[in-house]
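To keep things clear, I will list the structure first and then write my remarks on it.
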Amino acid sequence: MTPILEVKHLTRNFGGFQAVSDVSLSVTTGELTALIGPNGAGKTTFYNMLSGKFPPSSGTILFEGKDITGLPPYKIAHTGIGRSFQITNIFSRMTVRQNILSALIAHYGKGASLFSPYWRDAKLIRETDAILAQLGLSEFSDVETRYLAYGDKRLVEIGIVLANYPRLILLDEPTAGMTPEETERMTALIQRLADETKTTFFLTEHDMKVVFSVSRKIFVLHQGQLLAQGTPQEIRENRKVKEAYLGGSLDT
Amino acid sequence: MNLFFMNLLNGISLGMLLFLISIGLTIIFGVLGVLNFAHGSLYMLGAYFCFQSVTLFHNFWLALLVAPVVVALIGGTIEMALLRPVYGRDISVQLLLTFGILLVLDDAVRLIWGSGYHIVDAPPLLNGVVHLYGFTYPVYSLFILVMGPLIGMGLWGFFRFTLWGKKIRAASMDREMAAGIGIHVNRLFTGVFMFGTWLAGIGGALASPLRAVGPSMGEKIIIESFIVVVIGGLGSFPGAFVGALILGIINAYGAQFLPRMTMALPYILLAIILITKPHGLFAAKS
Amino acid sequence: MPRPENKRREIIIWIGTLVILGLLPLIINTYITMLITEILIMGIFALSFNLLFGYGGLLSFGHAAFFGVGGYVTAFLLINAFPSVPAALIMGSLAAMLAALVVGYFSVRLDEIYFAILTLGFGMMFYALVHQWRSVTGGSDGLTGIVLPPLGIAPFSVEISSPRAFYYIAAFFFLITAFILLKIVRSSFGLILLSIRENKERTTFTGINIRAYRLSAFVIAGLFAGLAGGLFALFDRMASPSMMHWTASAEPVLMTILGGAHVFLGPVAGAVLFFFIEHFITKFTDVWMIFLGAILIPLVIFFPEGVLGTLLAGKRRGRKIKNGEGPDDTHS
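Protein chains in written order, with the numbering used here: chain A, 9 to 260; chain B, 45 to 330; chain C, 17 to 348.
Rendered as structure tokens:
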């Protein structure tokens, strides 16, 4: 069991405030993993370091054994890590298809071709259609994403991430703001993608129902520190975790 | 040495004038999030209104009082009628809108007062020269030199100690929070815009005896004050002060030491600062 | 995904434009010919600007620097070096491209207002340079006395100094520019540029080096701005510092907003409107900018997509679901 992601002593300071302090953890290849913790625990900061939004103050990040600490986001994307954002982050004045195409072009490094029309690239089109079908978005392919329903916008973002064919996907609160139906759809999708593809998912989530139903391994962050790790069952029974959540909300 | 000293005075006095204009610009940006391209035109209006009032009332001090108020009223109208619909829109949209206002104001001035230049005499009290270390220096420039820091300190006190000042600072830091603690945002925005344009008006009125009052005044000063607020850090109060001083002094000494480069110097300064500190010297933490 | 019916429509549009531009001088007088020549040249300038603004989301307020570099280099070479219009134009455009590479290198890492102000500053640096470097640039008088040599080699040479002949030169370069830029905005590169405009963060996290793309766009825009400037210098028979002043940089901005930044030909439509307004109003009064401003203000507030953009959006809505997809932002 080789870890796809190995994080050692990761720390990030903002001024005098330590948002993440000395976190070490590893994510096993193919194992759907979750990172949870109360608001302000440092989850997004942690993800931002993994995906290169800003470098850690100290510590190292190994992806498939390769040191990626401090690389800029576009380089990390090319090493095989994709991410979604807590607040939907898509191209709103472009069609659904163009959203996916853009990420595919980036993935294949075809953006430098100044004169080749992307919509005549059979390979790109084929792969775009496949991704859209996978997400159940085919019927909206020519709609500008700003006109989509909220849940569909989130799906488009997943599609953008998939179009990079990452081996590790970081999902930052994939069901945030969703209706129960949309949440169910998203959960099923994540489950299916994790089963069907070789992709490893590493997600943060505030909805404990989702976390406990999909993940096989859970890390708990609290005040920037790793509080606990284990299987859903172990986490559920962990007293420290219960205290951190002030009881209650862990009972699903 | 004397020339050196005189240029220092010139530079500071020029800087103080720039400060008055830039501080309005930077306050408006800080609170409303709009970079007002028409700010230089409002400064010019201040100068024209001062000229007009002097010809009407023959009293510079009265003009100095009246002109900025009229400018502020125009500013308030602009904010309520034109800026309000574009808050929250793209920053370039706002820049272009205020650019449209600039076009209208600049040509309106040409329509009303013609394309020629007008002279405003300094009030008798300040109309002489003083002898300093063997050279003569206009009293009026010294007056500006004193007025700048005075108004600056007044503003600082206003922001520091008054309720409205605190409200404005709160709003410039976090607009939503400001609304949350019960600040009437619409009224605040109008107030701040009027305040900023009032400062531009004062700048224009104070400048009128120093420079010829003409239709291209605004065009020149707006670029200079853009440079000031950007090198100082948009929205930063001390940034505007330091930026204005640097620019004023550079302009003054450039004319002495690098006459062939004076025109380019402010832009070279701007480029150097933005390249090394992309958000200015006193960048607010975004 | 390619749409045959649209392709046919497009070929018809291109041929139609070609025929109209070709026949126009036969039915209009010299004054209008010159007016349209100027519109075509400024159309090139505005199109090049909009590659940055409409497609890349970068509001440059110093684009006239490259317009000016193109103009000065073209003029300087024609006056001092060799009597060849094509060679001078090419050198002028390349010089502008080089200037854009330097300015762009420092500017594209900044955003929005900071980018706008830094480009404005660089533009004014160039302005100050040509103003002061009298021995080469002629200072505030500019470079005057350009004589347009005939095109080609005698005995097959053609005179191009007449307004009509020069109109054809401008039209030729306009079509070439429009063709190339349209190709670019519809390419993979163009889609990435659009993505950067739409969402910088998302784009960088899909593996795009934003600075490299922005710089490329900046350099291409500089090249065509230089071409426009070269043509303008030939048209005016001089290159003057005013070509580089920030108010000159504002012109393509205004044209683009007038016509619409998100439609490919928006800036050209804007150029037509701009000159129409100018020539119509200056018949009555010199202060025409007040009218321009009075049009610009409501346009920005109520019709941010510009005149052409608004018209086409209305038309497209009717057609949309039926058969429309593809490069939505790039319809001409």
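All C-beta atoms, glycine included, are put in the ideal place defined by N, C-alpha and C.
| field | For phenylalanine 77 of chain C and alanine 194 of chain C, the rounded distance between their alpha carbons | value | 22 Å
| said: Residues of the segment 127–140 of chain C in Cβ contact with chain B at a cutoff of 8 Å, in chain order, please. | reply: Glu128, Ile129, Tyr130, Ala132, Ile133, Leu134, Leu136, Gly137, Phe138, Met140
| task | Have a look at C:Ala104, C:Ala329, C:Val119 and flag the residue whose alpha-carbon is nearest the alpha-carbon of proline 165 of chain C. | result | C:Ala104
| task | Compute the beta-carbon to beta-carbon distance between threonine 242 of chain C and phenylalanine 82 of chain C, rounded to the nearest angstrom, for a pair I have assumed lies under 8 Å. | result | Per the sequence shown, the amino acid found at residue 242 of chain C is glycine instead of threonine. The Cβ separation is near 5 Å, so the contact holds.
| said: Counting only Cβ pairs nearer than 9 Å, list the residues of chain B close to tryptophan 262 of chain C. | reply: Glu263, Ile267
| Who are the Cβ neighbours of proline 343 of chain C in its own chain at under 7 Å, not counting the five residues just before and after it? | Low local confidence applies: a pLDDT of 44 at proline 343 of chain C is under 50, so the model's placement there is unreliable, and no value is given.
| task | Anything in the segment 124–139 of chain B with a Cβ closer than 9 Å to a Cβ of chain C? List those residues in chain order, please. | result | Leu126, Pro129, Val130, Arg133, Asp134, Ile135, Ser136, Val137, Gln138, Leu139
| query | Is the CB-CB distance between glutamate 263 of chain B and proline 310 of chain B below 9 Å? | reply | no
| said: When you compare the CB positions of alanine 237 of chain C and phenylalanine 65 of chain C, do they come within less than 9 Å of one another, or not? | reply: yes
| message | Considering only DSSP beta bridges, list what glutamate 152 of chain A is partnered with. | response | A:Thr103
| said: Per the DSSP calculation, glutamine 94 of chain A is bridged to which residue(s)? | reply: Answer is none; glutamine 94 of chain A lacks a bridge partner.
| query | Does DSSP classify phenylalanine 54 of chain A as helix, strand or coil? | reply | helix
| said: Quick check on serine 109 of chain C: does DSSP put it in helix, strand or coil? | reply: helix
| field | Whether glycine 108 of chain C touches threonine 90 of chain C by CB criterion (9 Å) | value | yes
| For isoleucine 56 of chain B, which of B:Phe326, B:Met191, B:Tyr177 has the nearest alpha-carbon? | B:Met191
| Would a C-beta distance cut-off of 9 Å place phenylalanine 285 of chain B and isoleucine 67 of chain B closer than the cut-off? | yes
| Proximal residues of chain A, C-beta to C-beta of lysine 199 of chain C below 7 Å | Phe123
| So which of C:Ile226, C:Gln148, C:Tyr47 has the shortest CA-CA distance to leucine 302 of chain B? | C:Gln148
| task | State whether the segment 77–93 of chain B contacts the segment 236–250 of chain B, with contact taken as three or more CB pairs (one from each stretch) at a distance under 8 Å. | result | yes
| task | Could you name the residues of chain C that asparagine 56 of chain A contacts, counting a contact when the two beta carbons are closer than 9 Å? | result | In chain order: nothing, as chain C lies at least about 10 Å away.
| said: Does the structure place the segment 292–307 of chain B close enough to the segment 244–262 of chain B that three or more beta carbon pairs sit under 8 Å? | reply: no
| query | So what's lysine 336 of chain C in DSSP terms, helix, strand or just coil? | reply | Per-residue confidence for lysine 336 of chain C stands at a pLDDT of 47, beneath the threshold of 50, marking its modelled position as unreliable; no derived number is given.
| query | Of the choices C:Leu270, C:Thr272, C:Gly72, whose alpha-carbon is the least far from that of arginine 213 of chain C? | reply | C:Gly72
| field | Positions along the segment 94–109 of chain A whose CB lies within less than 9 Å of some CB in chain C | value | Asn97, Ile98, Phe99, Ser100, Arg101, Met102, Thr103, Arg105, Gln106, Asn107, Leu109
| task | Grab the span of the beta strand (DSSP E) containing aspartate 180 of chain A for me, first residue to last. | result | 176–180
| query | Near alanine 27 of chain A, which residues of its chain fall below 6 Å by C-beta distance, leaving aside the five closest residues on each side in sequence? | reply | Arg20, Gly50, Thr53, Gly232
| field | Simplified DSSP assignment, three categories, for glycine 88 of chain A | value | coil
| request: For chain B, find out if any of its Cβ atoms is closer than 9 Å to the Cβ of aspartate 302 of chain C; answer yes or no. | output: yes
| query | CB-CB under 7 Å to valine 98 of chain B, same chain, minus the five flanking residues each way: which ones, in chain order? | reply | Phe104, Ala107, Val164
| field | Distance between alanine 285 of chain C and alanine 116 of chain C (C-alpha atoms, nearest Å) | value | 26 Å
| Any idea if leucine 42 of chain C is buried or exposed, counting beta-carbon neighbours within 10 angstroms, 16 or more meaning buried? | exposed
| task | Give me the Cβ distance between phenylalanine 69 of chain C and alanine 277 of chain C, rounded to the nearest whole Å; I'm assuming they're in contact under 8 Å. | result | 6 Å
| query | What are the residues that DSSP puts in a beta bridge with methionine 75 of chain A? | reply | Checking the sequence, you will find aspartate at residue 75 of chain A rather than methionine. In DSSP, aspartate 75 of chain A forms a bridge with A:Leu70.
| said: Among the candidates A:Thr208, A:Glu213, A:Met194, whose CA atom is the shortest distance from the CA of threonine 36 of chain A? | reply: A:Thr208
| query | Mapping DSSP to helix, strand and coil, what is glutamine 138 of chain B? | reply | helix
| field | Neighbourhood of serine 330 of chain B by C-beta, 6 Å cutoff - its chain only, sequence neighbours within 5 removed | value | Because the pLDDT at serine 330 of chain B is just 44, under 50, the model does not fix this residue reliably, and the value given afterwards should be weighed accordingly. Answer for serine 330 of chain B: no residue qualifies.
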